[in-house]
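Novice: Residue numbers (the numbering used here): 37 to 737. Just so you know, even glycine gets a beta-carbon here, dropped at the ideal spot from N, CA and C. Let me give you the structure first, and then I'll get to my questions.
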Amino acid sequence: MATPKRPATPARREKKPASAPERRGNAGELHQLTGDGHPPLTTNQGIPVADNQNSLRAFPRGPTLLEDFILREKITHFDHERIPERIVHARGSGAHGYFELTRSLKKYTRASILTETGVRTPVFCRFSTVAGGAGSIDTPRDVRGFAVKFYTQEGNWDLVGNNIPVFFIQDAMKFPDLVHSVKMEPDRGFPQAASAHDTFWDFISLTPESMHMIMWAMSDRTIPRSLRMIEGFGVHSFRLVNDKGVATFVKFHWRPVLGLQSTCWDEAVKIAGNDPDFHRRDLFESIQRGDFPEWELGVQLFTEEQAESFPFDHLDPTKLIPEELVPLQIIGRMVLDRWPDNFFAETEQVAFCPANIVPGIDFSNDPLLQGRLFSYLDTQLIRLGGPNFHQLPINAPKCPFANHQRDGYMQTRIPKGRVNYEPSSLQGDTPRQTDAGFPSFPEPAESGTKTRLRPESFADHYSQARQFYRSQTAIEQAHIAYALVFELSKVETLAVRERMVGHLRHIDADLAGRVADGLALDALPPPPPAFVEPRDLPPSPPLQLIGKGKPTLKGRAVGILVDDGSNGSAIAALKKAVEAAGASVKIVAPRIGGAVLKGGRRLPADGKLDGTPSVVFDAVAVILDPAAGVKLAQEAAAADWVRDAFGHLKAIAFDAGARALVEKAGIKPDAGVLDAADIAAFLKQAATRQWSREPTLRTLP
Ligand code: HDD
């Protein structure tokens, strides 16, 4: 018996709008609309498709025919939909926006993006984790990439940085080793998106230059609350060059307007299970609701002579320049105000390259940067499949560009004329070099012998690590010690654990002792030989994270747990006040349909209780009818909701009806546990984490 044919278009048939029989497509092409007003489905050759449900069969129950070019084209395209993911920074989220200069650097550079105040330059910004694959979680302990493509009038400038101002290694030669060590171990294919394993710590413990970065990586900077709350750093020294050819060194810093904020480790782990897309969703939702993420751009400017007086070499990417030595000057702001239309076309295909710079900006001799100048173009050739990836809309400059490069895979432009070489005389409109073109800074070359030696000025591996650790608050120091103990406890090889603690002894004796104790080592292992005796540098408070937090609810999220019989006016008053303070509010209830409030009105829920745990909020409130409070005290998900909020140092407001639940969760009263009626007190406590609660909850090393 013949199988009935499915209808060609499963969609409900609507009446064709009489006034719109045709419509222009994205590329301006004219579509004859189908009867129900949609543009017709076609093959990639533009041939209209009559049936998108059934392949062509020899007879209804017979084999499929090779002749079916529609099926073959569709399946072939699908088979080729994936491209190689980035070897590092595979997991990322991006957004469009603009950069606006607020203070001209005309004295230092001729780059118009840094001299013309008030001009809005379009940007695309991509944030990423480093180690995990494209489908991995958003909240592992990891460095975050912070890459910005500025589409300037003078060409694309890519500032490809991280949320940490230093790096693990000094020389690009070591990058493949570093990355191999942190990725999944090659024989077993795990762990995914985690540095807590033997190969990473084996490499690190044999690489003393990584110690400064390790202090940052073990701090809460690597478990951020939101991508909107991280800093960004260009890491290397770059040069600014003015119209007289005078150069000044520069370090670039991004500062989030919302202030810095991180999660607790236990919270980050639980978020990973509940919402692997936590940071992507947070960025998406904030942009969709018009709460646009914003950063200030700051620069540290210094001359060659100043650099010579620094107690470290600024060309060494494992060193930073303390702000006490060279103050940060804010010169502009970046606002991300548009989510991409298509994730693959934009966020996946965007190709950053630190070698993309504009006249007026130049490189330094940082050997890590020098290696990067090669690596990124090379990686895009394999990742995006050929030399014309710069023509993809997300990568193409927004200013005119023209040269004699031709052909290659996926050439999408149609160059005109017979001249594709230079010098030439046959065609008047071919591009020619210009005096306004990019001039490399004529740095005088030192004479010397070709060598593979590291400069001696790169040899101090511990002093800035010590400075970082000693600049932290007591809470942050405890978190660093805790993170080291946690990570090293996942290392199976005792010798690796011991070797790491040996390094810590050069950084800070107390830290080494805490970690050795946390690992239950019998004795402190010997420190490895240090090339340069570590020095005590003055503490630098801007290195703290907590110090850069802002007591604000702006950009934060508050969850209110309700159930049948909850007091609607108390909920409404709280919601209004929290929203007025700049936070978003989500109603959580045992069922997604919401709760029937006292008085009979139904309040729809934004999330179901066990699918919307308190880890996704910055502060919580529980407003319940006493009967519901008693009922929910028996629900593990409800008790966890309150217990986790308490454990993650969040403010909790509750009314009398919620008392049974709050007691079941074992909450002890403190300044952050509040009566829901005292809205002003809740707003104040919700704007910050309850750090003083932490020692009452867990033993930190
Ligand atoms: Fe890198 C991607 C940042 C050192 C080689 N890197 C990549 C991305 C960021 C950084 C943010 C993701 C860009 C995106 O969103 O597409 N990388 C850094 C920073 C470094 C650094 C701040 C040190 C200061 N990187 C570094 C070295 C090398 C690379 C030393 C190689 C010698 N990085 C790459 C790469 C990637 C990359 C393999 C992978 C995907 C890509 O480039 O486009 O070329």
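Less than 9 Å separating the beta-carbons of Val335 and His289?
Specialist: yes
Novice: I need the boundaries of the alpha helix (DSSP H) containing Gln342, first residue and last residue.
Specialist: 340-345
Novice: Any heavy atom of the ligand HDD closer than 8 Å to the Cβ of Asp676?
Specialist: no
Novice: Out of curiosity, what's the CA-to-CA distance linking Cys389 and Ala126?
Specialist: 15 Å
Novice: Cutting at 6 Å between CB atoms, please list the residues of its own chain near Pro53, excluding the five before and the five after it.
Specialist: Legend: pLDDT at Pro53 = 46, less than 50; position of this residue unreliable, value from coordinates given subsequently. If we look at Pro53 and ignore the five residues flanking it on each side, its Cβ neighbours are Gly73.
Novice: For Asp373, count the other beta carbons within 10 Å of its own beta carbon; 16 or more makes it buried, fewer makes it exposed. Which is it?
Specialist: Label assigned to Asp373: exposed.
Novice: Excluding the 5 residues preceding and the 5 following Phe128 in the sequence, name in chain order all residues of the same chain whose CB lies nearer than 7 Å to its CB.
Specialist: Sequence inspection shows Gly at residue 128; the Phe mentioned does not correspond to that position. Around Gly128: Arg162, Phe163, Ser164, Gly181, Thr383.
Novice: Enumerate, from N- to C-terminal direction, the unbroken alpha helix (DSSP H) stretches of 4 or more residues contained entirely within the stretch 307-333.
Specialist: 314-324
Novice: Is Thr415 a contact residue of the ligand MG, with contact defined as CB to any heavy atom under 8 Å?
Specialist: Of the ligands one can find in the structure shown, namely the ligand HDD, none is the ligand MG.
Novice: Would you say Val709 and Ile703 are within 9 Å of each other, going by their C-beta atoms?
Specialist: yes
Novice: Which two residues bound the contiguous beta strand (DSSP E) that contains Glu136?
Specialist: 128-137
Novice: What would DSSP say about Met739, mapped onto helix, strand or coil?
Specialist: This structure leaves residue 739 out entirely; the chain is present only between 37 and 737.
Novice: Apart from the five residues just before and just after Ala283, which ones in its own chain have a Cβ nearer than 6 Å to its Cβ?
Specialist: Arg275, Val277, Phe477
Novice: Measuring only the C-alpha atoms, how far is Gly133 from Pro158?
Specialist: 6 Å
Novice: Mind reading off the beta-carbon distance from Thr258 to Asp178? Whole number of angstroms is fine, and I expect it under 8 Å.
Specialist: 6 Å
Novice: Measuring CA to CA, which of Leu405, Arg146, Glu136, Val184 is closest to Asp207?
Specialist: Leu405
Novice: Check whether the Cβ of Ala183 lies closer than 8 Å to any heavy atom of the ligand HDD, and answer yes or no.
Specialist: yes
Novice: Which ranges would you report for the alpha helix (DSSP H) in the stretch 512-561 if only whole runs of at least 4 residues count?
Specialist: If we require 4 residues or more, the alpha helix (DSSP H) runs fully inside the stretch 512-561 come out as 530-543, 545-554.
Novice: Taking 8 Å as the limit between beta carbons, can you name the residues of its chain near Leu719, skipping five residues before and five after?
Specialist: Leu589, Ala613, Val614, Ala617
Novice: Starting from Arg108, trace the beta strand (DSSP E) both ways and give me its first and last residue.
Specialist: No beta strand (DSSP E) holds Arg108; the alpha helix (DSSP H) holding it covers 105-115.
Novice: By the DSSP assignment, the beta strand (DSSP E) with Ile688 in it spans what residues?
Specialist: 688-690
Novice: Excluding five sequence neighbours on each side, which residues of the same chain lie with their C-beta closer than 7 Å to the C-beta of Leu685?
Specialist: If we look at Leu685 and ignore the five residues flanking it on each side, its Cβ neighbours are Cys300, Arg725, Gln726, Trp727, Arg729, Glu730.
Novice: On the three-pair Cβ rule with 8 Å, is the stretch 212-219 touching the stretch 233-240?
Specialist: yes
Novice: Assuming Gly591 and Leu294 are in contact, meaning their beta carbons sit under 8 Å apart, how far apart are those beta carbons, in whole angstroms?
Specialist: 4 Å
Novice: State the Cα-Cα distance for the pair Ala606 and Phe690, rounded to the nearest angstrom.
Specialist: 10 Å
Novice: Using DSSP's beta-bridge definition, name the partner residues of Tyr187.
Specialist: Asn192
Novice: Ordered along the chain, which non-local residues of its own chain (more than five positions away) have a Cβ less than 7 Å from that of Arg291?
Specialist: Glu267, Trp331, Glu332, Gly334
Novice: Below 8 Å, how does it come out for the stretch 597-606 and the stretch 661-680: are there three or more Cβ pairs, yes or no?
Specialist: yes
Novice: Measure how close the beta-carbons of Val658 and Val678 come, nearest whole angstrom, since I'm counting them as under 8 Å.
Specialist: 6 Å
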